[in-house]
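Just below is one structure, and these are the notes that go with it.
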Amino acid sequence: MRKFAFLDLDGTIIDHNQVISPRVKEAITTATANGHKVFIATGRSYPELYPSLFSLPFSGLITANGAYVELGDQVLTDHSIDQAGIAEWTDYFRRAGATWIWQGKDHFYPSENFLDFFRLSGKSNRAATGDWAAYLEQITPYLAKGIPTSAGKCMFYLSPEAPSSFEEAHRLFGDRYMVIPGSVAVRVGEVVELGVKGVNKGTAVREVLKYFGGDRAQAVAIGDSINDYEMVREAGIGVCLAGGAEKLRKIADWIAPPIEEDGVAAAFKRFGLLDPA
Numbered sequence: 047m048r049k050f051a052f053l054d055l056d057g058t059i060i061d062h063n064q065v066i067s068p069r070v071k072e073a074i075t076t077a078t079a080n081g082h083k084v085f086i087a088t089g090r091s092y093p094e095l096y097p098s099l100f101s102l103p104f105s106g107l108i109t110a111n112g113a114y115v116e117l118g119d120q121v122l123t124d125h126s127i128d129q130a131g132i133a134e135w136t137d138y139f140r141r142a143g144a145t146w147i148w149q150g151k152d153h154f155y156p157s158e159n160f161l162d163f164f165r166l167s168g169k170s171n172r173a174a175t176g177d178w179a180a181y182l183e184q185i186t187p188y189l190a191k192g193i194p195t196s197a198g199k200c201m202f203y204l205s206p207e208a209p210s211s212f213e214e215a216h217r218l219f220g221d222r223y224m225v226i227p228g229s230v231a232v233r234v235g236e237v238v239e240l241g242v243k244g245v246n247k248g249t250a251v252r253e254v255l256k257y258f259g260g261d262r263a264q265a266v267a268i269g270d271s272i273n274d275y276e277m278v279r280e281a282g283i284g285v286c287l288a289g290g291a292e293k294l295r296k297i298a299d300w301i302a303p304p305i306e307e308d309g310v311a312a313a314f315k316r317f318g319l320l321d322p323a
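Taking this note's numbering, the leading residue of the sequence shown gets 47, the next gets one more, and so forth.
Put into structure tokens, the structure is as follows:
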């Protein structure tokens, strides 16, 4: 039976140093050659995808936590936060002492000093964990100044001294927007992601399966973070990598080895993706 595999990127196939292991690359290539379909399903927006990813035989892309879905030359879904919503959130960021980056299909709009969150990786507890030099190089051509008129999602950082928190952001906006803990690891402070209400990786998985005439019993979803929750719940087989978010581990059908032990490759073997469809 043909299977549809949906793979988170960061913490699932891309490690904190922005590297994909040869064994995972081989598993993706073998699964596709055997007639299965493998999709990227990431919180990253399109400009954050490394060119090397496109050398792997993915059948489509779910990006921006499900807001943008592309299958070959066809855009299946393209959701965005409107200008009024962006203005409201930006006012909150300024009151809360946050730094942020609005993420769109073609451009990124960082606040002043936000990119230090990645530039200072390895040098500050208030920066992303790991080596993000390749990431900064990737997004630099897409950076723009100012505030956009629309965006698929946003990521923001709150320092320990910020007069706000994830809980307050969720209380203020959670009834109208997706507000979830961010998937980028940081030792001090909080990273938060926001997006269109009711849009997530799970809704995108349903759209992809519908397009191909597949059903959830054929779907294998693999992730490690809170933004993978709906996707793992939606799939017939939901997999969380060891060390992933507790909320995700609780609903997963199987806990795979951690990324350092090529958990995705292990899941592909266990659930038949390395066998002919």
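Where a beta carbon is used, it is the ideal one built from N, C-alpha and C, also for glycine.
Check whether residue i and residue j have beta carbons under 8 Å apart
i      : j      : result
Val310 : Ile283 : no
Phe154 : Tyr188 : yes
Pro304 : Ala288 : yes
Val285 : Ala250 : no
Glu239 : Asn111 : yes
Val84  : Phe104 : yes
Pro194 : Ile132 : yes
Ala87  : Lys247 : yes
Lys49  : Ala302 : no
Leu320 : Ala77  : yes
Lys18  : Arg222 : Outside the displayed span of the chain (47 to 323) sits residue 18, for which this structure offers no information.
Leu182 : Phe160 : no
Ser205 : Arg252 : no
Ala298 : Val278 : yes
Leu218 : Tyr96  : no
Val328 : Ala174 : The shown model of the chain, from 47 to 323, leaves out residue 328, and the question about it has no answer.
Gly57  : Val254 : no
Asp162 : Gln64  : no
Ser91  : Thr109 : yes
Ser196 : Ile127 : yes
CA nearest to the CA of residue i, picked from the options
i      : options                           : result
Gly198 : Tyr138, Gln129, Ala179 and Asp299 : Gln129
Arg295 : Glu276, Glu306 and Glu307         : Glu276
Gly192 : Ser157, Ser205, Ala208 and Ser126 : Ser157
Ala190 : Glu116, Gly57, Gly150 and Arg141  : Gly150
Ala113 : Gly143, Cys200 and Phe219         : Cys200
Asn273 : Glu207, Gln184 and Leu55          : Leu55
Met224 : Lys71, Ser98 and His125           : His125
Ile74  : Ser101, Pro97 and Arg252          : Ser101
Gly89  : Asp177, Gly106 and Ser229         : Ser229
Phe52  : His216, Asp270, Glu307 and Asp321 : Asp270
Glu306 : Ser91, Ile66, Phe50 and Lys49     : Ile66
Ala179 : Leu166, Met47 and Asn171          : Leu166
Lys315 : Arg140, Arg69 and Trp148          : Arg69
Ala144 : Ile226, Thr175 and Ala215         : Ala215
His62  : Gly168, Trp135 and Glu207         : Gly168
Ile226 : Val234, Gly241, Val232 and Arg233 : Gly241
Pro209 : Glu134, Arg140, Leu99 and Ile185  : Arg140
Gln184 : Asp152, Ser211, Phe212 and Glu207 : Asp152
Gly318 : Ile59, Ile60 and Gly81            : Gly81
Phe258 : Gly220, Ile147 and Gly118         : Gly118
Span of the beta strand (DSSP E), counted from its first residue to its last, around residue i
i      : result
Asp124 : Gln120 to Asp124
Ala302 : Trp300 to Ala302
Phe317 : From DSSP, Phe317 is part of no beta strand (DSSP E); its letter is neither H nor E.
Gly106 : Gly106 to Thr109
Thr145 : Thr145 to Gln149
Phe154 : Phe154 to Pro156
Endpoints, alpha helix (DSSP H) assigned at residue i
i      : result
Met47  : Unbroken run through Met47: none, as it is neither H nor E.
Phe219 : Phe212 to Phe219
Thr136 : Gln129 to Ala142
Phe164 : Asp162 to Arg165
Identity of the residues DSSP links to residue i by a beta bridge
i     : result
Glu40 : Here the chain covers residues 47 to 323 and nothing more, so residue 40 does not appear.
Ile60 : Asp56
Minimum length 4: unbroken alpha helix (DSSP H) runs contained in the stretch 65–97: 68–79
Quick check on the DSSP output: what are the complete alpha helix (DSSP H) runs of length 4 or more inside the stretch 226–293, in order along the chain? 247–258 and 275–280
Unbroken stretches of the alpha helix (DSSP H), 4 residues or longer, contained in the stretch 170–215: 179–185
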